[in-house]
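In our numbering, the protein residues as written are 419 to 529. For every residue, glycine included, the Cβ atom is placed at its ideal position computed from N, Cα and C. Let me begin by presenting the structure, written as structure tokens, before commenting on it.
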């Protein structure tokens, strides 16, 4: 089983990094002066973090749904990145970068 997990090391790292970046962005967005302008960013941060975390867990338990979950994760990461890129805050830019990297890593699981 260890050999199987080694195959997923890159995507597991990307998923974890994305989940952390989304959680940091989520928390930082809540502290912004005009939090009303951040609602969509906050919502997508939460969704993306949860989906990344769930896929990470699914991979480590060798779920039969990895490919389908990875497809959903690609969509969530890309939408979160698109939204975060529209905000100038450093936490949003870092989140977008992590989301893009995660989406690319997850695409390898979809095909």
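Among 529, 461, 516, which has the Cα closest to the Cα of residue 431?
-> 516
Distance between residue 450 and residue 528 (C-alpha atoms, nearest Å) = 36 Å
As assigned by DSSP and simplified to three states, the class of residue 434 | helix
Neighbourhood of residue 458 by C-beta distance below 7 Å, restricted to the same chain and skipping five residues each side | 501
How far does the alpha helix (DSSP H) with residue 449 in it reach, from first residue to last?
-> Run containing residue 449: none; DSSP gives neither H nor E here.
Classification of residue 448 by the beta-carbon crowding that lies within 10 angstroms, buried from 16 upward | exposed
Ordered along the chain, which non-local residues of its own chain (more than five positions away) have a Cβ less than 7 Å from that of residue 464?
-> 444
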